[in-house]
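The structure appears below as C-alpha cells.
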Amino acid sequence: MGEWESAMGIMTPDNKTSYHVIGLQPYTVYSFRVVAVNAIGASEPSKESYYMVTLREVPDGKPTIISAYNTSSTSIRLQWAPPPQHTIHGEFLGYRITYRPRDRPEEEREIMLRDPTLRHFTIRNLDIFTQYLISVQVFNPAGHGPAATVAVMTDEGTPSEPVNLTIGKVGDSSVRLRWQEPVNPNGIIQGYRVYFLHTAQNHTEMRKAQHPQPVMDYVLQNLKPFSHYKIWVNAYTWKHEGEPSKVLDFHTDVQGPSAPYIVNLTCQTLDSLYVQWERPQVFFNRIDYYFVHYRSENNWDFEEIAMASPHERAIDHGMFIPNLTANTMYEVKVRGATRSVIEHSKLFKGQFSEPRKVLLQNKCPMFHGVPYSYSDSSLSAGMVAGVMCASFALLLAIVSFILWRKYFQAAYYYLDDPLGNRTSPQLSETFDDSEYAAIPVHLWPKHVAELHADGDIGFSREYETIQQATDLDLSSEHSQMMENKNKNRYVNIVAYDHTRVILKPLPGQKKMHDYINANYIEGYNKPAAYIGTQGPLPSTFDDYWRMIWEQRVYIIVMITNLVERGRRKCDMYWPKEGTETYGIIQVKLIEEQVMATYTVRTFAIKNTKIKKKLMCERNVYQYHYTNWPDHGVPDHALPVLNFIRKSSNANPNNAGPIIVHCSAGVGRTGTYIVLDAMLRQIQHKQSINVVGFLKHIRQQRNYLVQTEEQYIFIHDALLEAIESGETEVPLHQFGSYVSNLNNPVNEGGEKSSSPLEKQFKLVTSFKARDFNVVSALKPCNKGKNRSLNLIPLESYRVHITPKPGTDGSDYINATFLPGFHKLREFIITQHPLPSTVADFWQMVFDHNSQIIVVLSSVDDKEYPCFWPKKGEEMDDGSFKLKMVEESSEDVFVTRDFIMQATQDEYEMTCRIIECPGWPESCNPPSSVFDLVQVVQKWHLEYQNDPIIVVDRYGGTEAAAFCCLTTLNKQLEYEKCVDAYLHAKLYHMRRPGIWKTQDDLLFLYRALEHVINVGSTETESAVGNATNGHVNSNGHAIKLPSACSKESTDA
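Residue numbers are given in full-length UniProt numbering: position 482 of the sequence shown equals residue 482, and the series is strictly consecutive.
Written out as C-alpha cells, the structure reads:
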C-alpha cells in the first residue's frame, strides 16, 4: 500500500459531507481519510475507509520492441519488453500481435498470446521477401493498449522459374536464347545460370548470364557441333538459386570436316594430274562435297573444282585435274564440305589438306602419302605379322607398367603406411611434371590472360583434359555395400577404397563399422594433409566425431550453408548451445565468433570411453565460410584467400589432417585444397602447377573441383594472391610496415615504385562498365547523382520502395558496404539533393536504419539541411518526420527523430550524428577514432540494421569512416589489420571512392596512432600461455599436454 498523501490532499470547496474524487489511476486499490478544517486549523484524520478498487480501463502503455528480424524467407522473430505494470490498468491477459504486408492493409492478421510472461514469438507462413508491419499490444479485459510497430522484411526465397524460354538462331557451336524474368522473383535477381546437357556424353555444364533484364537475350557458345542438347535456365539471388525453367531440346549444326590427307599426286598426261586423298578423320553427319584447289607457280590465286562425294562410306577419293600446262610446277590442296542440317542451302567448308607440289612433265615423280599402299610390295605377310606382334607386346608392357604405377603404388602409399609416419614424395614423383610443367610465378599473369582469351576457351580446353584424365574405374566397393549406402549423401559421390578413412573398431563391437564417406588427400609435399568429406548426415554424426577424435583433427573447414536454394545441403552436426554427445564423443560449444564472410566456432571434445586417469579434452575449431554460393564462386577472391590462410595456418604442426567439407565434399572442397596447396608451393618453390596437382588428387577423391567456373576461380585467386602478396599485418609489426610503405624498392639496381603506389594501383584496378551501372545512368536517374564519377554498381546498390508506374523510382545513389560482422553493415551515400531528400528518408524507412552519420558540412546552398528543425514536421505523404531532441558534444551534434508511417501505426526512431569536416578537423590524429567508437557504442542496440554514412558525394570520407570502423573491430578481435583487403573490396563495390594513394596512407596512419605498446605486450602474453603457438589471425590454439597418443586410440 502507498503512503497517505496528506501533503497532496484535496480541499473541498464547501462543508458538504460528500465529494467526487477524480484523477485516480484505473484498476487501483484506494482508501480515504477525511480531515475537518476551520479558520483555526485541521482536525485529526478520520478512520480510513474500506478499500475500494477503481474500474478497469484499456492499457495506455505499449511494449518496447527489442529486436525484430527474419529467421527464414517465411518467418520473422519478434522480441519485446512489457510496458510498466502501472500502465496495464487491469488484469494483464497477454499480448496481441497484428501483422500485414506493408502495401496490402486488407491482409492484416491477428495472433492472441494469452501468456503475459512471453517475451518473444516467431511469426510463420509469411510471404517471401515481403516487408511486413508488425504491431504488438498488451490487452486486459477492457481492451487493447497502444501498439508498438516495426517494419521487417522476410528473407529472400527461391525464385520461381524463368518464363517463355525460347531458342533462336542455332549455329554449329552456339545458340541464341531468350527468356523473361520469373513471375515471383522472391528477392533481387542477380543473374541467371544456363544449364545445358550434352545427351550423348551425359555431361551437364553451366554458364552464368549476368546483368539481368526483364527480357534476357543470351548467346550460349563453345558447344559441340552436330550434338543433341537439353537446356534450361535458373534465376538466382545473392542467396538462393531458383526453380528451373522448362527444358528445351535442340541440335547444333554441323561443322566443316577436318583436313583430308593426300595419298597420291601424279602426272597422268602432259596436261593433267591425278590426285587421290583419304577421307577426313573428323566430320559431322557426312561429307557432301570435296573442293580441289590448284595453282601453277606463276599464279597467286587458286582454281577450284567441286566434286560431290560419291559414296558416303568411301574412304579414298580421287579425281583428274585437266587442261594444265606442261613443264610447270603445280600446287594442290583439298578440303571437304558438309551441308548444314538447319539451313540446307549453306555449306560448311572444312580445313585444307597439307598442300602438295608436283612438276607436270613426262614421267614426273609420283608422290605417295602412304608408301606401302602403292609402291612397296616387297614386305611379306610374315614380316608384317612379326612387326605387329612385337608392337602389340611392347604396347602391352607399357600399359601394364602404367597401371602398376597408378594403382599398386597408390594403394601401398595410402594403406600400408601408418598415419602420422608417412613420408610424402615430392610432387614430381607423384604426377608427371613433364606433361604439365610448373609455371614460374612471374609468368602466371601471362598464363592466366592467355587462358581467358576468346571467351575463356583456354580454360574450357584445359578443364576438359582434366575431366578426360580422371580415372572412373578406381574401386569404391565399400561405398557400394548395402549397409553403407545410406551413409552417402549423394549416390554418385563415393569414397575411393585406396584412400578412404577407416574408422577404428569400438570395444565390444561385434560387427565391423569402419566406413565413412571421407578420403585422405595430399597437400603440397605433405601426405594426408586433408580429409575431404561430405556434409555429415544425422546418421553419420557419431562416425564423424569419432573420425575427428581418432585422426587428431584440430581444424574443420566447412564451405556450405545448412540450406541453400531451399535444399538441405548439410545437417547441423554440432550443438547449437551447451553440450551434446555423439556416440562416444562429447562435444561442447565454447564460443562462436560471427564475421562478415565466415564464422569461427570453438568446441571442447572428449572421449567418454577413456579411463578417468587418462581422460583429456581438446579444442576443435570450425571455420565456416558462409558466403560461397552452391555451384558458383564468390564475387571476389580476397575474402576467400584470407579465409584459407587463417584456417590453414591455425592447424598446429603436430596435429592431424584438416577436415574440409562442403555438401558433397568435392567441388568447393577441391577448390579450397588446390588453392591452399598452390599457395604453399608459391611460398616454397615460386611456381604453380594447378593442372598436375588437380589431376593427381582426383585419383584420391572423385570430382574434386566440380565445375569449370571453380577451376577458373582458382587461377584468378592465385593471380590475386601473387599480385597482392601478404597484406594482413600483425599488431606488433604494424609500425615498421607503415614506415616502409613509401620507400621505393630497389629492383636490379634501379628504384621502382613504392609498396604504397603498387597497393593503390591494385586497389583501384577495377573499372566499371556501362552494364555495371545500368540504373544509375538511366536518363530518369542521372539527375539524382551529384557526380557521375561516384555512382552505385547494380549488384550492390540500395533499392528503395518504387512508386507504381514511375520508371527509376527504386533508385538512390547509395551502396551497401561490408563491415567486420556483416556483409551489409553500412550504406554509403551522397548528401541528398533537394530533389532526393524524400528518397533518402524512404531509404532510412525501408532499411530500418537507425544510425545516420553525416560528414558533409551543411550550408544553405550546395549542401542544404535535409531534416526538419525542432518544432517542425516533414510530411512526405507516406511518412512523417519530426525531431524530438538535439544535443551538442565537443565535435559533433546528435539529433533524434521519430518517423511515423501515415498509412499505418508503424513508428521508428533514428539518430543523426553530424560531424562536419571529419577527418580533417580531428586533432590529434588519434581522435579520428573518437567518432568511430561513439557510433559503434550506439549501434550495439541496432545490430541488425545498416549504418548510413553521408558525405558530399558518397565518396572518400564516408568510405574511410566505414573502413576504419571495420579495421578497428578487426584489431580488437584478431590483433591484426588488413587495410588493403577492405579498401579493395570497397572500391569493387563503389569505384572512385579512393582518389589518390594518400587516401590509403591515411588509413594506415590513423591505425598507427591507435596501436600502442600495450597491444603488443598483450599478444606476447597470449603466445606464452599457449606453448608459443599463436596463429596469424590472433586465434590461439592450446596444444594438449595431458593427452597421450594412446588416448586418441581409445
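Built from N, CA and C at the ideal position, the CB exists for glycine as well.
These numbers were taken from a predicted model, which means no experiment stands behind them.
- Excluding sequence positions up to five before and after H198, its CB lies within less than 7 angstroms of the CB of K224, S227 and Y229, all in the same chain and listed in chain order.
- For I548, the closest of A596, G532, R279 and L265 by C-alpha to C-alpha distance is G532.
- Boundaries of the alpha helix (DSSP H) around W444: W444 to A469.
- DSSP links G336 through a beta bridge to Y290.
- When Cβ pairs closer than 8 angstroms are counted between the two stretches, the region 551-562 is seen not to touch the region 698-706, the count staying below three.
- Just so you know, the alpha carbons of R461 and S173 end up roughly 14 angstroms apart.
- Annotation for Y906: no beta strand (DSSP E) segment contains it, and DSSP assigns it neither H nor E.
- Contact check for H661 and G535: beta-carbon distance about 6 angstroms, within the 8 angstroms limit, so the pair qualifies.
- Nearest in C-alpha terms to I88, of all of H144, E48 and N323, is H144.
- In this structure, the CA atom of E107 is about 38 angstroms from the CA atom of T599.
- In the DSSP annotation of this structure, the continuous segment of the beta strand (DSSP E) that includes G94 starts and ends at G94 to P101.
- In the DSSP assignment, S888 falls within the unbroken beta strand (DSSP E) covering F879 to S888.
- Per DSSP, the beta bridge partners of Q131 are M153.
- Collapsing the DSSP output to three states places M843 in a helix.
- Burial of P182 is indicated by the presence of at least 16 other C-beta atoms within 10 angstroms of its C-beta.
- Burial check for F771: the Cβ neighbour count within 10 Å stays below 16, so the residue is exposed.
- Counting the other Cβ atoms within 10 Å of the Cβ of A529 gives 16 or more, which makes it buried.
- By the Cβ test, the region 251-267 is not in contact with the region 825-845, since fewer than three Cβ pairs between them sit closer than 8 angstroms.
- Out of D249, Q213 and L777, the CA that lies nearest to the CA of A235 is found in Q213.
- In the structure shown, M678 adopts helical secondary structure according to DSSP, grouped into three states.
- For C267, the enclosing beta strand (DSSP E) covers residues Y261 to T269.
- Residues D896 of the same chain have their beta carbon placed closer than 6 angstroms to that of E885, with the five preceding and five following residues left out of the count.
- Burial is judged here by how many other beta carbons sit within 10 angstroms of a residue's own beta carbon; I697 has at least 16 and is buried.
- Secondary structure at M558: strand, using DSSP grouped into helix, strand and coil.
- Contact annotation: G157 and N125 have beta-carbon atoms that are not nearer than 7 angstroms.
- For I585, the enclosing beta strand (DSSP E) begins and ends at I585 to V594.
- For H732, the three-state secondary structure derived from DSSP is helix.
- C-alpha of V334 to C-alpha of L270: approximately 22 angstroms in a straight line.
- Between H831 and R952, the C-beta spacing is below 7 angstroms.
- Assignment of P440 by DSSP, reduced to helix, strand and coil, places it in the strand class.
- Here DSSP, grouped into helix, strand and coil, assigns Y19 to coil.
- DSSP places C962 within a helical segment (H, G or I) once states are collapsed to three.
- DSSP lists I827 and I852 as the bridge partner or partners of I948.
- According to the DSSP secondary-structure assignment, W179 is paired through a beta bridge with M216.
- Remark: three or more beta-carbon pairs, one from each stretch, lie closer than 8 angstroms, so the region 636-650 and the region 665-679 are flagged as touching.
- Counting along the chain, Q210 sits inside the beta strand (DSSP E) bounded by residues H203 to Q210.
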